[in-house]
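Scroll down for the structure; my scribbles are underneath it.
There are 2 protein chains.
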Amino acid sequence: MSETATTYNPSRYERPSVTVDVVIFTLRNRELHLLLVKRSRWPFEGFWALPGGFIEMHEDLDDAARRELEEETGVRDVYLEQLYTFGEPKRDPRTRVISIAYMALIRADVHQLRVSEESTDVRWFPVRELPQPLAFDHDQITAYALLRLRSKLEYTTLAFQLLPEVFSILELKDTYEQILGEQLDKGNFYRKIKEADVLEETNLTREGRGRPTRLWRFKPERGDKQFVFRWREDRSDDRDSATLLTPTRKEN
Amino acid sequence: MSETATTYNPSRYERPSVTVDVVIFTLRNRELHLLLVKRSRWPFEGFWALPGGFIEMHEDLDDAARRELEEETGVRDVYLEQLYTFGEPKRDPRTRVISIAYMALIRADVHQLRVSEESTDVRWFPVRELPQPLAFDHDQITAYALLRLRSKLEYTTLAFQLLPEVFSILELKDTYEQILGEQLDKGNFYRKIKEADVLEETNLTREGRGRPTRLWRFKPERGDKQFVFRWREDRSDDRDSATLLTPTRKEN
DNA sequence: ATACTTAGTGTATAAAGTACACTATATACC
DNA sequence: GGTATATAGTGTACTTTATACACTAAGTAT
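Note that the protein sequences, when read in sequence, are chains A and E. As numbered in our numbering, the first sequence has no gaps in its residue numbers, which increase by one up to the final residue, 285. As numbered in our numbering, the second sequence has no gaps in its residue numbers, which increase by one up to the final residue, 285.
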């Protein structure tokens with residue numbers, strides 16, 4: 034920041050509260066879910082809301098999101114990404130609250146979640162059946178998170194963050210289908226995922242009726258920064274924006 | 034936001050300051066520039082910084098960015114987009130300051146800028162020759178803004194926001210080349226831009242030595258939300274994330 | 001008339017995306 | 001052992017998009 038002409042004097046400024054809200058996604062029996070918390074008091078008493086809370090004074094934004102995530106789910110070390118900052122002056126009727134929205138992806142099968150099935154005030158909801166409306170502007174935030182997740186699925190390896198450590202290629206394909214909401218071709222999917230070279234073979238299988246399912250692991254190299262469905266070399270590993278096609282390229 | 038278990042009590046919380054910083058891009062003689070302000074006091078006295086300032090208590094985030102933009106340049110009604118929120122606890126040595134970064138695109142030729150050429154403390158810098166380092170974490174913010182601009186150029190009509198109201202197709206191509214940093218093929222560019230159907234003919238020309246230059250105007254329909262270099266129909270008009278290719282699609 | 005500049009069109013080739021049929025392999029079950 | 005069944009692929013033809021580059025067309029200045 035850089036206030037331009039005014040003298041710096043913190044006490045002159047009435048300050049907004051700053052919070053983080055986290056959209057926590059996971060797969061539960063092959064369907065995408067997100068975590069909501071039931072509000073127990075005004076405002077929006079009885080409404081479902083995203084988990085979130087105030088940023089502490091000496092805490093990084095990402096750390097605040099991680100802390101909220103852990104408080105709510107008991108889970109650490111998951112994929113976390115800042116989405117957008119929502120600051121409409123009247124979004125919270127109590128006072129001015131600016132909220133920095135995050136998205137987290139967790140592997141339901143690996144991290145055992147603290148969220149109990151019976152809890153009535155903290156629950157996983159399938160994204161296709163969210164209670165409506167949510168508290169505050171959380172409908173907007175969840176819609177945005179879903180959009181971002183769908184987009185990034187197509188040019189990053191985000192999908193792996195939702196799967197258990199080992200998985201089959203058809204499970205991966207199924208994950209893509211669930212989130213993108215469309216059917217993918219099996220043969221083409223095999224080719225693409227193999228060509229992308231992001232899978233590491235395991236010697237594990239899962240046996241059942243037919244041919245045993247081969248299980249794979251996500252190649253951990255390059256810090257989860259490999260891309261799957263696009264080959265353009267010059268894509269920058271920015272925080273969120275996608276580099277797409279370059280129009281009518283010609284060598285200089 | 035939704036603090037989960039704690040009682041809401043604003044006075045309990047020490048609050049960070051919240052500012053907006055704006056990366057203002059424009060084209061000046063065919064080169065991409067951005068606006069910087071020289072700091073006159075501690076911290077980073079004498080360093081160049083992005084224009085920015087505190088968010089007022091009852092002001093929307095976008096409005097704060099717009100206000101800073103207008104204070105610095107005298108320009109209104111330009112393209113404005115939120116980028117990312119930077120909140121590392123020590124980014125400002127004075128106190129905890131969370132900054133919401135914005136990007137603005139302005140047409141140097143249209144809006145007459147208040148920024149005088151002679152001013153020593155407010156200046157346009159070519160993006161390839163920025164002073165280094167900038168104050169605070171502004172190097173990081175400008176790098177991110179450039180990344181976002183380059184990305185979005187390829188799947189949105191953002192480039193038009195940098196051009197004057199009427200322009201030739203070769204000027205448009207030149208803008209793309211400047212920002213993307215690569216040469217594009219003239220013939221293919223003509224075809225693509227025509228096919229995208231985002232240009233409206235004017236009866237204006239600009240005469241010179243050879244055949245007069247035909248001038249065009251950006252089709253204002255659909256609220257600047259048309260896309261140029263990609264044809265996928267299902268791209269959602271979100272705030273920033275890009276929908277790219279869908280892997281191996283098949284009709285359901 | 002010629003040079004010069006913008007404004008295009010034509011076309012061959014390469015690369016990527018898509019649909020769909022087909023083969024291969026390892027297990028369970030009878 | 002044979003058959004059903006599920007995963008795990010391969011083959012291929014076709015379409016769409018991308019790219020390079022040569023070429024034509026048109027209007028103005030000299």
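Ideal placement from N, C-alpha and C gives every residue a C-beta, glycine not left out. Note that the coordinates shown come from a computational prediction; the quantities given were computed from them, not determined experimentally.
Assign residue i to one of two classes, buried (16 or more other C-beta atoms within 10 Å of its C-beta) or exposed (fewer than that).
i                : result
Ser50 (chain A)  : buried
Leu179 (chain E) : buried
Met136 (chain E) : buried
Asp54 (chain E)  : buried
Glu284 (chain A) : At Glu284 (chain A) the pLDDT is 38, less than 50, meaning the model places this residue with poor confidence; the figure from the coordinates comes in the next sentence. Flag for Glu284 (chain A) reads exposed.
Arg129 (chain E) : buried
Leu167 (chain A) : buried
Leu350 (chain A) : Limits of chain A in this structure are 34 at one end and 285 at the other, which puts residue 350 (chain A) out of reach.
Arg72 (chain E)  : buried
Lys219 (chain E) : exposed
Lys185 (chain A) : buried
Ala38 (chain A)  : Residue placement at Ala38 (chain A) cannot be trusted, given a pLDDT of 44 that sits under 50; the coordinates are not used to answer.
Please report the distance separating the alpha-carbon of residue i from that of residue j.
i                : j                : result
Thr189 (chain A) : Thr235 (chain E) : 42 Å
Ser132 (chain A) : Phe119 (chain A) : 5 Å
Leu69 (chain A)  : Pro164 (chain A) : 9 Å
Ser201 (chain E) : Arg247 (chain E) : 6 Å
Ile139 (chain E) : Pro245 (chain E) : 27 Å
Val160 (chain E) : Leu191 (chain E) : 17 Å
Arg99 (chain E)  : Thr106 (chain E) : 10 Å
Pro126 (chain A) : Pro76 (chain A)  : 7 Å
His171 (chain E) : Val56 (chain E)  : 9 Å
Gly217 (chain A) : His66 (chain A)  : Per the sequence shown, residue 217 (chain A) should be read as Leu rather than Gly. In a straight line, the C-alpha of Leu217 (chain A) is about 21 Å away from that of His66 (chain A).
Tyr177 (chain A) : Tyr117 (chain E) : 14 Å
Phe262 (chain A) : Pro122 (chain E) : For Phe262 (chain A), the predicted model reports a pLDDT of 48, less than 50, meaning its position is unreliable; a value from the coordinates is still stated below. Going by the C-alpha atoms only, they are around 36 Å apart.
Phe193 (chain A) : Lys252 (chain A) : 10 Å
Glu92 (chain A)  : Arg124 (chain E) : 12 Å
Arg74 (chain A)  : Lys227 (chain A) : 51 Å
Leu232 (chain A) : Asn221 (chain A) : 16 Å
Lys225 (chain A) : Glu215 (chain A) : 17 Å
Glu162 (chain E) : Phe169 (chain E) : 18 Å
Asp154 (chain A) : Glu240 (chain A) : 38 Å
Trp249 (chain A) : Ala141 (chain E) : 54 Å
Tyr223 (chain A) : Gly243 (chain A) : 19 Å
Pro108 (chain E) : Val108 (chain A) : According to the sequence provided, residue 108 (chain E) is Val. The question's Pro does not apply to it. Distance between the alpha carbons of Val108 (chain E) and Val108 (chain A): 47 Å.
Val111 (chain E) : Leu83 (chain A)  : 33 Å
Gln173 (chain A) : Gln173 (chain E) : 28 Å
Please name the residue in the options whose C-alpha comes closest to that of residue i.
i                : options                                   : result
Thr208 (chain E) : E:Glu105, E:Glu47, E:Phe58 and E:Thr52    : E:Phe58
Trp157 (chain E) : E:Val108, E:Leu60, E:Pro253 and E:Glu114  : E:Leu60
Asp95 (chain A)  : A:Leu237, A:Thr52, A:Gly79 and A:Phe222   : A:Thr52
Thr175 (chain E) : E:Arg63, E:Trp81 and E:Val231             : E:Trp81
Leu237 (chain A) : A:Arg127, A:Glu198 and A:Glu78            : A:Glu198
Arg181 (chain A) : A:Gln115, A:Trp249 and A:Leu83            : A:Gln115
Ala229 (chain E) : E:Glu162, E:Glu187, E:Glu240 and E:Leu113 : E:Glu187
Leu113 (chain E) : E:Asn221, E:Leu195, E:Glu210 and E:Lys252 : E:Leu195
Phe87 (chain A)  : A:Val111, A:Tyr223, A:Arg250 and A:Ala134 : A:Ala134
Checking the sheet assignment: what are the DSSP bridge partners for residue i?
i                : result
Tyr117 (chain A) : A:Ala134
Glu234 (chain E) : E:Trp249
Gln216 (chain E) : Its beta-bridge partners do not exist; DSSP assigns none.
Arg161 (chain E) : Paired residue(s): none; Arg161 (chain E) is not in a bridge.
Thr208 (chain E) : Paired residue(s): none; Thr208 (chain E) is not in a bridge.
Gly86 (chain E)  : E:Val53
Leu196 (chain A) : According to DSSP, which records beta bridges pairwise, Leu196 (chain A) is partnered with nothing at all.
Tyr112 (chain A) : A:Leu138
Ile71 (chain E)  : According to the sequence shown, residue 71 (chain E) is Lys rather than Ile. Beta-bridge pairing links Lys71 (chain E) to E:Trp81.
Thr59 (chain A)  : A:His66 and A:Ile139
Arg156 (chain A) : A:Leu69
Arg124 (chain A) : Arg124 (chain A) is not bridged to any residue.
Arg239 (chain A) : A:Thr246
Quick one: does the C-beta of residue i sit closer than 7 Å to a heavy atom of the ligand SAM?
i                : result
Phe119 (chain A) : Among the components of this structure there are no ligands whatsoever, and the ligand SAM is therefore not found.
With a cut-off of 8 Å on the beta carbons, I'd call residue i and residue j a contact; round off their distance for me.
i                : j                : result
Arg183 (chain E) : Leu213 (chain E) : 6 Å
Glu104 (chain A) : Ala97 (chain A)  : The pair is not a contact, with the Cβ atoms about 11 Å apart (cut-off 8 Å).
Gly79 (chain E)  : Glu101 (chain E) : With 8 Å as the limit, Gly79 (chain E) and Glu101 (chain E) do not qualify as a contact, their Cβ atoms being about 21 Å apart.
Gln211 (chain A) : Arg63 (chain A)  : 6 Å
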